[in-house]
Each structure stands twice: as structure tokens, then as C-alpha cells.
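Asks: Whatever position you read off the sequence shown (first residue = 1), add 40 for our numbering. The beta carbon of each residue, even a glycine, is placed where N, CA and C say it ideally should be.
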Amino acid sequence: MTKLPLNEIFESIQGEGSFTGAPSIFVRLQGCPVGCAWCDTKHSWYLSEEHQTDFNSVIAKAGDGESWCHTTVGELVAHLLGYKARHIVISGGEPCMYDLVELTDALYDNGFTCQIETSGTFEVKVNERTHVTVSPKVAMKGGYEILDQALIRANEIKHPVAMSRHIEELDMLLARLSPEQLAAKKVYLQPISQQARATQLAIDTCIERNWWLSIQTHKYLAIQ
Ligand code: SF4
């Protein structure tokens, strides 16, 4: 029986990418060694024994705590069925540190649709219907490379951008895909931290390249 480390569950509106506007249940798994300097979920990095607790405490907590628990697929899916939304967003942390086939199979078996958000630095192991969003984290402190398997499996590639160097990074990643593989994906630029210059760069580049703009609408709306 697979056990997964859970940081939090909350219901909201998906604020970015292809599912923008979709009522969604966010399942944040604990653990990430990638080390992005600007990460806004640093509380999800470590699997420390000090912060390990039980399922009910994790479900009940409010806000960004480091507390986490081990959960089973059965326990998790039974809990998710109590919400109204039927779209699940599995995030982290880095959720692809874990084999998510059993969880995503169970979600589809129970009538959910499912999306996963990953940095592209771990092999993606999910149900074939799962919508995979790769937001590539290139040359971060943890020293992880972006994997071909993750790029090829991605349904959308959503690249965080603040400066032209980030566009060049994305070009290098996309050059690893065949024209057929690339044609099967949506490519998004997402300005980092709502910076005005980053937003303008993303808009200009999307128009020039025929890519899509992803805005973190939940941050403008000040919702979780
Ligand atoms: S991969 Fe995601 S969770 Fe991990 S450090 Fe980067 S932004 Fe944070």
C-alpha cells in the first residue's frame, strides 16, 4: 500500500495555466530537494520527524505550516470525495518524487479529473489521463536536471520568466523535443512574482512566438 507524505489540502479556484478558473482541490505533497531561491512553498521542502503529525491535524491546519503526515491513497480519496470540486491539482513540494500511479488511478476511478504540477526534475509516474503541467526549474541550487521523460509527458510546459535568460533556457528545453512532441503541447510563459517588467517580457514574447500567457490570477485576487 503506497503511503504519501501530505502537507495540506484546500479547495479553491485554479489560478494559472490551462485550467484557470476551475474549482479545484489542491493536494500538496511534502518534500522537495530542487531548491528554487524564489520558492513560495518552502514549508513543503523537508520531511522532518519533528513536524510529522497525523492526517486530521494536517487537514485541520490553517495556513502554511511545515507539519505533514503519511497518508494512504484510500484515506486521501475518501476525504477528497467530501468536497464539491471534482478537479484535483497535485502539487508540492515536488510531487514526482513519488510514484503517483495508484493515487491518480484511484482519482479517475472515483470520478475526478486530475492535474499534476511538477518541476520536470523527476520521472512523472501517473495515470495516462492525468494532465501534466511541467514548470521547468532550471539550474537551481539542488543541482537537478530537467528530464526528457518529463518534457515529453507534459501536456503543458509553463515556464516562469523574469528576464530574457529564462526565454533562452526555455528555447534550449524545447529544442530537445521533436516537432510532433512539441506540437502536442501548450507552451506558457508565466511572469515571476507579478513583476511589471517580467509581465511585459512575457506578453511581448508570447505574441512573438505564439505561446500562451499564464497569469497567477489567484495572487492578484489574493486567494490561496
Ligand atoms: S520545485 Fe517547486 S516546491 Fe520545489 S523549490 Fe522549486 S518552486 Fe519550490
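1. Would you say Ile-128 and Leu-147 are within 8 Å of each other, going by their C-beta atoms?
2. With hydrogens ignored, establish whether the beta-carbon of Cys-154 is closer than 7 Å to any heavy atom of ligand 1.
3. Name, in chain order, the residues that DSSP records as bridge partners for Leu-253.
4. In or out: Ala-77 buried (at least 16 other Cβ within 10 Å) or exposed?
5. Quick one, are the C-beta atoms of Leu-187 and Thr-170 less than 8 Å apart?
6. What number of angstroms, rounded off, separates the C-alpha of Leu-222 from the C-alpha of Leu-143?
7. Pick helix, strand or coil for Phe-152, following the three-state DSSP scheme.
8. Could you tell me the distance, in whole angstroms, from the CA atom of Thr-122 to the CA atom of Pro-45?
9. Kindly provide the ranges of any alpha helix (DSSP H) runs that are 4 or more residues long and lie completely inside the segment 75 to 161, ordered along the chain.
Replies: Judging by the given coordinates:
1. Locating residue 128 in the sequence shown gives position 88, counting from the first residue. Locating residue 147 in the sequence shown gives position 107, counting from the first residue. Their beta carbons are under 8 Å apart, which means Ile-128 touches Leu-147 by this criterion.
2. In the sequence shown, residue 154 corresponds to position 114, counting from 1. For ligand 1, not one heavy atom lies less than 7 Å from the Cβ of Cys-154.
3. Translated into positions along the sequence shown, residue 253 becomes position 213. Answer is Leu-229.
4. To locate residue 77, count along the sequence shown from 1; it is residue 37. The residue in question, Ala-77, is exposed, as its Cβ has fewer than 16 Cβ neighbours within 10 Å.
5. Position 147 of the sequence shown holds residue 187. Position 130 of the sequence shown holds residue 170. Result no, Cβ atoms of Leu-187 and Thr-170 do not sit closer than 8 Å.
6. Within the sequence shown, numbered from 1, the residue matching residue 222 stands at position 182. Within the sequence shown, numbered from 1, the residue matching residue 143 stands at position 103. Their Cα atoms are separated by approximately 28 Å.
7. Indexing the sequence shown from 1 puts residue 152 at position 112. The answer is coil: DSSP assigns Phe-152 none of H, G, I, E or B.
8. On the sequence shown, position 82 is the one that residue 122 refers to. On the sequence shown, position 5 is the one that residue 45 refers to. In the sequence as presented, Thr is not what sits at residue 122; that position holds Gly. Whole-angstrom Cα-Cα distance: 20 Å.
9. 95 to 100, 113 to 120, 141 to 149
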